[in-house]
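Working notes, structure below.
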Amino acid sequence: MRHFVIVGVLVIIVFLATYFGLTALKLMPVEASAQSIVVDWMWNLDFVVMCFLFALIIVPLVYGLIVFRRKKGDTSDGEYIEGNTKLEITWTVIPLITVLVFAYLGAYSLGETMAVDPNALEISVTARQWSWQFDYPEGFTSNELHLPVNRQVVLNMTSLDVIHAFWVPQFRIRQDILPGRVTNYRITPILIGNYTVMCSQLCGTSHSYMTAPVIVTSQADYDAWVQSQVTAAQAAAAAGGPANGKLLVSKYGCLGCHSTDGSKLVGPTWQGLYQSQVKLSDGRTVTADQAYLVESIVSPSAKVVNGFPDNVMPKTFGTVLTQSQINDIVSYIETLK
Ligand SMILES: [Cu+2]
């Protein structure tokens with residue numbers, strides 16, 4: 025009996041120490057969405073049970089190892105125990121009830137986090153290797169996700185190639201993005217701030233660079249940003265030329281693979297490309313004139329740059345982009361000295 029009391033007290037002490045010790049470390053990122061509060065509440069309950077079970081297993085184990093160690097010279101066998109029906113029923117029924125309670129709480133929390141607000145702001149998300157594109161209801165596109173605080177947003181997401189996943193740790197919720205299908209992600213940001221969306225499905229060589237800024241602002245700041253984007257997009261499309269090319273390479277995800285500052289990504293940098301001598305994988309050297317740039321965009325496999333993989337750059341831009349859009353992009357690349 026004495027042993028049971030001691031172990032019981034130790035279990036409670038270790039349980040509390042584990043729970044409060046680990047909680048004090050504050051390992052979780054801030055709660056930036058209404059949904060994160062539900063998720064954290066659920067996680068906290070799970071965590072309490074985990075810490076208790078940890079103590080319940082470790083304490084008797086260590087206690088037994090120390091206190092019931094074989095004494096020197098004791099060669100007798102241990103007591104033979106034939107089973108204990110009461111104990112077995114207890115340790116079946118208690119976990120069963122615990123699991124059922126958690127199943128109910130889990131279903132309840134899932135319902136809470138998926139609750140639909142009919143006034144939700146709708147934004148389309150396109151994921152591709154290895155960039156994010158956000159299309160806003162006002163008709164413009166950005167590589168940044170701006171969200172007004174305290175309003176539910178629903179992201180209608182699809183992928184152009186492989187499976188990706190939308191994950192902002194501060195929002196807690198995560199959702200896979202599949203080619204050929206639209207998946208939804210609902211979130212109500214509650215904390216103004218700058219976050220980062222990352223892809224949480226290993227999706228190829230530059231997977232870890234697949235990030236984009238997520239900026240939660242007041243409704244007024246959001247409206248102002250939307251207005252500035254609409255104006256800029258209209259002006260650029262009307263003017264054409266490099267300014268429009270710059271918007272297009274952002275919109276069509278070129279910048280996921282090409283840098284404009286000399287750094288090497290999946291594809292070659294565009295800095296200083298125009299009129300430079302490009303070494304090809306077949307040993308030839310060509311001058312990067314206007315015709316070469318157009319050909320590189322329309323049929324990437326015609327001339328493959330030495331040291332870079334073939335069949336990585338999408339071959340669809342020749343049909344996706346209009347001739348004048350391609351000219352605008354090329355004129356933009358030409359400005360990158
Ligand atoms: Cu990805």
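Heads up, our numbering is the position in the sequence shown plus 24, with the first residue counted as 1.
The C-beta atom is built at its ideal place from N, Cα and C for all residues, glycine as well.
What you are looking at is a predicted structure, and each value in this text was computed from that prediction instead of being measured.
For Ser242, there is no enclosing beta strand (DSSP E), as DSSP marks it with neither H nor E. It is roughly 35 Å from the alpha-carbon of Tyr276 to the alpha-carbon of Ile61. Leu85 sits exposed, since fewer than 16 C-beta atoms from the chains shown fall within 10 Å of its C-beta. As computed with DSSP, Val29 is found in no beta bridge at all. Taken in chain order, the complete alpha helix (DSSP H) segments of 4 or more residues contained in the region 299-341 are 314-322. Under the Cβ criterion (8 Å, minimum of three pairs), the region 255-267 does not count as touching the region 224-231. Here Val35 has Ala79, Leu80, Val83 as same chain residues with Cβ atoms under 7 Å from its own Cβ, once five neighbours each way along the sequence are excluded. Exclusion of Met222 from the 6 Å shell around ligand 1 follows from its C-beta lying no nearer than that to any non-hydrogen atom of the ligand. Remark: the C-beta of Met181 is outside contact range of ligand 1, defined as less than 6 Å to any heavy atom.
With 16 or more other Cβ atoms from the protein chains shown falling within 10 Å of its own Cβ, Phe190 counts as buried.
Excluding its 5 nearest sequence neighbours in each direction, Val186 has C-beta neighbours in its own chain below 6 Å: Cys227, listed in chain order. Per the Cβ contact rule, the region 40-57 is not in contact with the region 97-109 (fewer than 3 Cβ pairs under 8 Å). In this structure, Ile353 sits near Gly269, with a CB-CB distance shorter than 7 Å.
Taken through DSSP and simplified to helix, strand or coil, Cys278 comes out as helix.
In this structure, DSSP gives Gly265 a helical state, which the three-state scheme calls helix.
Counting the other Cβ atoms within 10 Å of the Cβ of Tyr128 gives fewer than 16, which makes it exposed. The nearest non-hydrogen atom of ligand 1 is 6 Å or more from the C-beta of Cys278. For the options Ile350, Asp70, Leu120, the alpha carbon positioned closest to that of Ala267 is the one of Ile350.
Counting only the Cα atoms, Gly45 lies some 21 Å from Tyr87. Within its own chain, the residues whose Cβ lies closer than 6 Å to the Cβ of Tyr219, once the five positions on either side in sequence are excluded, are Val192, Gln194, Val238, listed in chain order.
For Trp156, the three-state secondary structure derived from DSSP is strand.
DSSP, reduced to helix, strand and coil, places Pro203 within a strand of the structure shown. Per DSSP, reduced to three states, the secondary structure at Thr42 is helical. Taking one beta carbon from each stretch, the region 297-308 and the region 327-335 have 3 or more pairs nearer than 8 Å; the two touch. Rounded to whole angstroms, the separation of the alpha carbons of Ile214 and Leu272 is 32 Å. For Ser133, the enclosing alpha helix (DSSP H) covers residues 109-137. Met66 is classed as buried because its beta carbon has at least 16 other beta carbons within 10 Å across all chains shown. The region 231-245 makes contact with the region 162-176; the number of CB pairs closer than 8 Å reaches 3 or more. For Ala189, the enclosing beta strand (DSSP E) starts and ends at 188-191.
Taken through DSSP and simplified to helix, strand or coil, Pro172 comes out as strand. Glu146 and Ile118 have their C-alpha atoms spaced approximately 45 Å apart.
Look at Gly102 here: in three-state DSSP terms it is coil, with no helix or strand label.
Taking 6 Å as the cut-off, one finds at least one heavy atom of ligand 1 near enough to the beta carbon of Met234. In the DSSP annotation of this structure, the continuous segment of the alpha helix (DSSP H) that includes Met74 starts and ends at 58-91. Cys227 has its CB nearer than 6 Å to a heavy atom of ligand 1.
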